[in-house]
Each structure stands twice: as C-alpha cells, then as structure tokens.
Amino acid sequence: MAITLVDVRGLAPDAITVDALARLQLAARRNGSEIRLQHASAELLELADFMGLGGVLQGQPEEREDALRVEKEREADDPAADDFEHL
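Residue 1 is where the sequence shown starts when you use my numbering, and the numbers rise one by one after that.
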C-alpha cells in the first residue's frame, strides 16, 4: 500500500480540517493508498482523536519528538541545576 505524506503545518485545528482530511483518507484508501499527516499539531491530532478519527488520521513520527522526550539526569550537587529549583 502506498503512503502519501500530507504536510498539514499551518492548518487550523478545527472540525472542518479534520473532516476534509478524513475525506482525503477515504479517497486514498478507495484507491489502494493512505495518507499520513506530517507536522500535525498536537491540537489537530487530539481533535481527530476526540472526533473518533484518531485511528484514521495518523501523524508521521518525527525524529524531533524523540529528542524532546529525553530527560537528563543530574547530580544532587550540580550548581547549574540548582539555579532552576525555584521554578
């Protein structure tokens, strides 16, 4: 099955957008293909999930997402880390 990446950066995270993307996915699947969303905002993906279309409209994983989930360990006596204790 062919996959077409659709750049949705800048699209409004609203029901009209989700509806249009779901219709595009339906047309793609009828033709033996599917779409994956690139650069989808968290709001757009959450709305698609809320509308029951989270399994239909899937985002393309990006390398950047993995980097953001990394937590750095620190030593208890690290003075640089102590600068942020008040936050």
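Glycine is no exception: its CB is placed at the ideal position from the N, C-alpha and C atoms.
{"Item": "Beta-carbon proximity of L21 to L45, cut-off 7 Å", "Value": "no"}
{"Item": "Exposure of L26, with buried meaning 16 or more beta-carbon neighbours within 10 Å", "Value": "exposed"}
{"Item": "Buried versus exposed call for A2 [16 or more other C-beta atoms within 10 Å across all chains shown]", "Value": "exposed"}
{"Item": "Alpha carbon of I16 to alpha carbon of I35, nearest angstrom", "Value": "17 Å"}
{"Item": "7 Å Cβ cutoff met for G59 and A40", "Value": "yes"}
{"Item": "Three-way DSSP call (helix, strand, coil) for A105 in this model", "Value": "The chain is shown only over 1 to 87; residue 105 falls outside these bounds and no answer can be derived."}
{"Item": "Outcome for L37 when other beta-carbon atoms lying within 10 angstroms are tallied against a minimum of 16", "Value": "buried"}
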